[in-house]
Each structure stands twice: as structure tokens, then as C-alpha cells.
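Asker:
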Amino acid sequence: MAIAKRFEIAHEAVFPQGAYLRGIVEPVADFQAEKRPDGSRPQQRDKETGLPLWQCTVIDGDEEANRRELGVTVKFAAEVQPVPPKNTSPMPWTPVKFAGLTALPYVDDSGTRPRIAWSFRAKGFATAGQEQAKSGEQKAAA
């Protein structure tokens, strides 16, 4: 079978009613590595590319999303911290669109009954009128 585990998917297929950044883009802590002397954990790295992993939480704009699907984590493998677009909306959350979005289904058996869950990765943020913003074009966060 030629279907890869992780597959490309259009932003609109995952977030047909939009996605809204809640909080910031932050490093993914590596819980498999030993703690540093100061007690912090090193940043997790992508197993395929070796690049540092970053993550953000977005709110799914779909009115029918259940509470498990309302807050979605999207990860990035990038040398520098991806920078989201500036929030010019009147909302407290920044409307975002992801470039190079991929999905990986897995079985989440942490609840009372197993369910299919999704792991999302993106190459970067896309802005209105822009098809893609490649991760190499992202600016380092100040």
C-alpha cells in the first residue's frame, strides 16, 4: 500500500470554519531526555529532519466540534520559532491559516473508550492572499 502514515491535507479540510491561535508558539519539551541542571527539559527534535519542534494551540471555529476537538495542537519542525501573523481582528484570538499542513491519525486510548485522534504538523503560517509561507521565510521570535 502506498499511503504514507502522515499525509498532506488542505487547511480548509481540517478547519472549514477557520482556526484561531490561542496563546503563543512555544518549544515542545522532550520528556524522554534528561532534565537540565536547572530542572528544565531540552526541546524535542523531529525524528526525520533533526529540526527543533515548536507547537501552538488553535481553536477550531467549527460550531459542531466537540470539546476534545475544540483545542487543537499544531506542531512545526523549524530551525527558528515560527511567527504567526499579527492579530488585526477585534477578537482576542488571531485568525490563522497553515501552510504545508499534514495529518497523522492515531488511536487515543486514554479515555473510557478508544477513538481515532489526529496529530497535525505545518510548515508555517499562511496569511490572507498568500498561498504559503515557507518555514524558511519565518522570522525568529524576539
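Count along the sequence shown starting at 1, add 1006, and that's the number in our numbering.
Each residue gets a CB set at the ideal place from its N, CA and C atoms; glycine is no exception.
Taking its Cβ as the centre, do 16 or more other Cβ atoms sit within 10 Å of P1043, making it buried, or is it exposed?
Answerer: Stepping through the sequence shown from its first residue, residue 1043 is reached at position 37. Counting Cβ neighbours within 10 Å, P1043 comes out exposed, since fewer than 16 surround it.
Asker: Does the distance from the C-beta atom of F1104 to that of V1078 stay below 8 Å?
Answerer: Numbered from 1 along the sequence shown, position 98 holds the residue referred to as residue 1104. Numbered from 1 along the sequence shown, position 72 holds the residue referred to as residue 1078. No, the pair does not count as a contact, with Cβ atoms beyond the cut-off.
Asker: Curious, which full-length beta strand (DSSP E) runs of at least 3 residues does the stretch 1068-1095 contain?
Answerer: The qualifying runs are 1077-1083.
Asker: Where does E1032 fall in DSSP's three states?
Answerer: Within the sequence shown, the letter at position 26 stands for residue 1032. Here E1032 sits in strand by DSSP.
Asker: Near L1076, which residues of its chain fall below 8 Å by C-beta distance, leaving aside the five closest residues on each side in sequence?
Answerer: As a first step, residue 1076 must be located in the sequence shown, where it is residue number 70. Cβ neighbours of L1076 beyond the five flanking positions: I1065 and D1066.
Asker: With a CB to CB cut of under 7 Å and the five nearest residues on each side skipped, what residues in its chain are close to A1128?
Answerer: Taking the first residue of the sequence shown as 1, we reach residue 1128 at position 122. Excluding sequence neighbours, A1128 sits near V1080, F1082, F1104, A1105, G1106 and L1107.
Asker: For V1034, which residues from the same chain have a beta carbon less than 6 Å from its beta carbon, with the 5 sequence-adjacent residues on both sides left out?
Answerer: As a position in the sequence shown, residue 1034 is number 28, starting the count at 1. Result list for V1034: Q1050, L1059 and Q1061, in chain order.
Asker: Report the rounded CA-to-CA distance for L1027 versus F1037, giving the unit in angstroms.
Answerer: Here residue 1027 is taken as the residue at index 21 of the sequence shown, counted from 1. Here residue 1037 is taken as the residue at index 31 of the sequence shown, counted from 1. So the alpha carbons of these two residues sit roughly 24 Å apart.
Asker: Give me the residue from R1012, V1086 and R1073 with the minimum Cα distance to G1130.
Answerer: As a working note, residue 1130 is residue 124 in the sequence shown. Taking only the C-alpha atoms, the option nearest G1130 is V1086.
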